[in-house]
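Residue numbers (the numbering used here), protein chains in the order written: chain A, 2 to 385; chain B, 15 to 248.
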């Protein structure tokens with residue numbers, strides 16, 4: 002057998018650990034499933050974390066690795082959510098499955114996720130080809146506009162209904178007939194959410210580690226030099242944009258699984274909820290632009306903050322003024338972002354990727370850096 | 015080898031190149047000198063496809079470059095060292111060089127070229143692990159040049175390699191260019207430092223507000239009164 006290189010060893014170690022964790026999650030679910038707070042709080046939280054992680058990581062591809070400011074990421078998520086929801090309703094009407102049971106349902110579930118990704122990617126391609134000719138602020142404005150336009154389009158499509166899926170001609174409850182999972186099915190299909198997340202994050206990770214990833218980082222650092230090195234810059238930009246949109250669509254499909262009905266107002270540019278394009282940008286910046294693992298961590302952190310200020314029992318003990326601030330979660334996110342940027346200007350992870358196989362080496366390097374900084378300060382003090 | 019005929023380029027209403035023609039033969043070092051805004055960089059950008067000309071032809075060994083996009087042109091054996099030391103600041107020196115060989119598939123060939131570049135620029139080998147953004151100006155210029163050489167090009171376009179460097183480094187960069195030329199690489203050099211450029215070139219063209227004003231052997235141009243007055247400060 003050929004000896005594995007360091008990268009190979011890393012992949013092997015990651016695979017083993019992911020499989021172990023995944024099996025553990027399965028066992029825990031089997032043991033505690035359907036009971037108390039595990040069913041009512043933890044599992045729905047994991048579902049939300051799953052799509053937030055995919056969403057943040059996918060935006061990071063464009064924002065952190067390609068270096069283009071895109072503010073319409075929720076638009077792609079909306080496309081994915083509606084595609085998955087409508088497809089599942091159509092399958093139910095065609096009587097492919099009943100009561101979310103059987104192998105066919107599982108197949109339909111994954112088909113919906115895939116279809117959501119593909120349609121989002123196609124729309125990403127359509128938007129990306131003209132939009133990526135622009136740079137910086139102009140691209141931000143175009144993508145911002147896209148996020149708003151797509152919502153209006155969905156609102157006015159006859160089969161989507163004015164108020165999302167609740168009213169239109171597809172007036173069927175997603176919860177009852179389509180993908181929408183209640184708490185019981187969320188426990189039952191937790192493995193599917195985890196699996197989709199693992200696969201998505203892995204694919205994105207492999208993308209940034211590949212030849213393509215190197216090319217887009219080169220474009221981020223210096224577009225002229227990249228073109229002079231023989232990199233087809235517009236091709237790679239559009240490709241990354243579409244790749245990122247694909248996973249936003251996948252995240253949208255997972256989102257539609259967690260809801261009884263869909264409404265376009267959940268995907269607006271700003272709203273009080275957890276899902277809007279600004280919130281995703283905040284997650285990416287918080288985690289570190291150019292770090293997939295950073296985005297994953299930031300998604301969990303932001304979800305936790307959001308959950309705590311809305312549902313935490315400790316909130317009641319706070320003075321009324323603070324509670325009033327908590328009525329507007331966007332304010333709290335802004336404060337969190339300011340604090341993080343003050344102490345870690347490049348985000349929590351910077352461009353560092355957490356890795357088990359390099360953990361020892363990275364920790365050692367970090368400690369050495371800290372010691373060096375400390376001795377430097379000491380020297381400066383004794384000299385001054 | 016490289017043949018440019020009657021090139022016209024517009025930036026909006028501004029007529030930047032007015033019928034520029036020039037040729038570079040195999041193994042030559044040709045320099046293109048001229049003042050700020052004469053159109054030197056525009057000429058290079060048009061050759062490597064970053065700008066499209068409104069009329070005129072750019073032929074490399076009989077192939078028309080005007081129809082090809084920048085990344086294809088590199089495949090044809092033409093490399094471009096852009097002005098102002100464009101390096102990938104957040105990558106290491108070696109990663110930068112490997113990016114230069116992006117279009118090559120053969121790992122062995124890439125490693126070979128890497129060794130060749132390191133032999134031209136021993137300083138880069140010393141710093142192979144350093145982030146390119148932390149290199150000095152001269153080292154960044156070496157890196158940008160080395161990166162262009164990674165594809166083993168037949169002709170290299172160099173845009174103002176001496177820009178913003180200290181006199182000592184300018185000397186070093188020019189001696190490296192000379193050394194590359196001696197090893198058989200064809201070079202089209204754009205420079206504001208006319209004195210140094212003319213000293214190492216075989217032939218030269220003088221560009222004035224978008225037109226070729228003079229051309230000839232570099233040694234003869236260096237003696238020409240008009241050139242001496244306008245560009246050599248004598």
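Beta carbons are placed, not taken as given, at the ideal position from N, Cα and C, and that holds for glycine.
Values in this document were obtained by computation on a predicted structure and should not be read as measured data.
Approximately 16 angstroms separates the beta-carbon atoms of residue 58 of chain B and residue 15 of chain B; this is outside 8 angstroms, ruling out the contact. Counting only residues of its own chain and dropping the five nearest sequence neighbours on each side, residue 286 of chain A has a CB closer than 7 angstroms to the CB of 338 and 348. The DSSP-derived three-state label of residue 257 of chain A is helix.
Residue 256 of chain A and residue 54 of chain A do not touch by the CB rule: their CB atoms are close to 12 angstroms apart, not below 8 angstroms. Membership of residue 24 of chain B in the beta strand (DSSP E) is indicated by the continuous run 16 to 25.
Taken atom to atom, the span from the alpha-carbon of residue 171 of chain B to that of residue 31 of chain B is near 18 angstroms. For the pair residue 82 of chain A and residue 254 of chain A, the CB atoms are nearer than the 8 angstroms cut-off.
About 33 angstroms separates the CB atoms of residue 326 of chain A and residue 202 of chain A; that is not less than 8 angstroms, and the two are not in contact.
Rounded to the nearest angstrom, the Cβ distance from residue 134 of chain B to residue 160 of chain B is 7 angstroms, consistent with a contact under 8 angstroms. Residues of chain B with a Cβ closer than 7 angstroms to the Cβ of residue 222 of chain A are, in chain order, 102, 103, 104 and 105. For the segment 223 to 248 of chain A, the beta-carbon criterion of a distance under 7 angstroms to any beta-carbon of chain B is satisfied by 223, 225, 226, 228, 229, 230, 231, 232 and 233.
Residues of the segment 204 to 219 of chain A with a C-beta less than 9 angstroms from any C-beta of chain B: 212, 215, 216, 218 and 219, listed in chain order. Contact annotation: the segment 38 to 55 of chain A does not touch the segment 112 to 119 of chain A, with fewer than three C-beta pairs closer than 8 angstroms.
Between residue 67 of chain B and residue 21 of chain B a beta carbon distance of about 5 angstroms is seen, short of the 8 angstroms cut, so the two are scored as contacting. The beta-carbon distance between residue 71 of chain B and residue 19 of chain B, rounded to whole angstroms, is 5 angstroms. This is short enough to meet the 8 angstroms contact definition. The beta carbon of residue 10 of chain A sits closer than 7 angstroms to the beta carbons of 358 from its chain, once the five residues preceding and following it are set aside; these are given in chain order. By DSSP's assignment, residue 369 of chain A forms no beta bridge with any residue. In the structure shown, residue 217 of chain B adopts extended strand secondary structure according to DSSP, grouped into three states. Nearest to residue 331 of chain A by alpha-carbon distance, out of A:361, A:280, A:69 and A:343, is A:280.
By the Cβ-count criterion, residue 66 of chain A is buried, with 16 or more other Cβ atoms from all chains shown falling within 10 Å of its own Cβ. Residue 93 of chain A is classed as buried because its beta carbon has at least 16 other beta carbons within 10 Å across all chains shown.
By the Cβ criterion, the segment 361 to 377 of chain A is not in contact with the segment 190 to 199 of chain B, since fewer than three pairs of Cβ atoms, one from each stretch, lie closer than 8 angstroms. Taken in chain order, the complete beta strand (DSSP E) segments of 3 or more residues contained in the segment 74 to 116 of chain B are 92 to 95. Annotation for residue 32 of chain B: the continuous beta strand (DSSP E) segment containing it runs 28 to 38.
Apart from sequence neighbours up to five positions away, the residues of its chain that approach residue 258 of chain A with a beta-carbon distance below 6 angstroms are 180 and 182, ordered along the chain.
Any Cβ of chain A closer than 8 angstroms to the Cβ of residue 134 of chain B would place that residue at the interface, and such an atom is absent. The beta-carbon distance between residue 223 of chain A and residue 100 of chain B, rounded to whole angstroms, is 5 angstroms. This is short enough to meet the 8 angstroms contact definition. Assignment of residue 200 of chain B by DSSP, reduced to helix, strand and coil, places it in the strand class. Under a criterion of Cβ atoms nearer than 7 angstroms, the residues of chain A adjacent to residue 114 of chain B are, in order, 230. The Cβ-Cβ distance between residue 44 of chain B and residue 216 of chain B falls below 8 angstroms.
Listed along the chain, the chain A residues whose CB falls inside 9 angstroms of the CB of residue 89 of chain B are 231.
Flagged as an interface residue toward chain A: residue 64 of chain B, by a C-beta distance shorter than 8 angstroms.
For residue 96 of chain B, the nearest beta carbon of chain A is closer than 8 angstroms to its own beta carbon. By the criterion of a C-beta distance shorter than 7 angstroms, residue 52 of chain A is surrounded in its chain by 252, 255 and 256, once the five residues flanking it on both sides are discounted.
Shown here, residue 311 of chain A sits in a helix according to DSSP, grouped into three states. Your pair residue 235 of chain A and residue 140 of chain A does not check out as a contact, with CB atoms roughly 13 angstroms apart and the cut at 8 angstroms.
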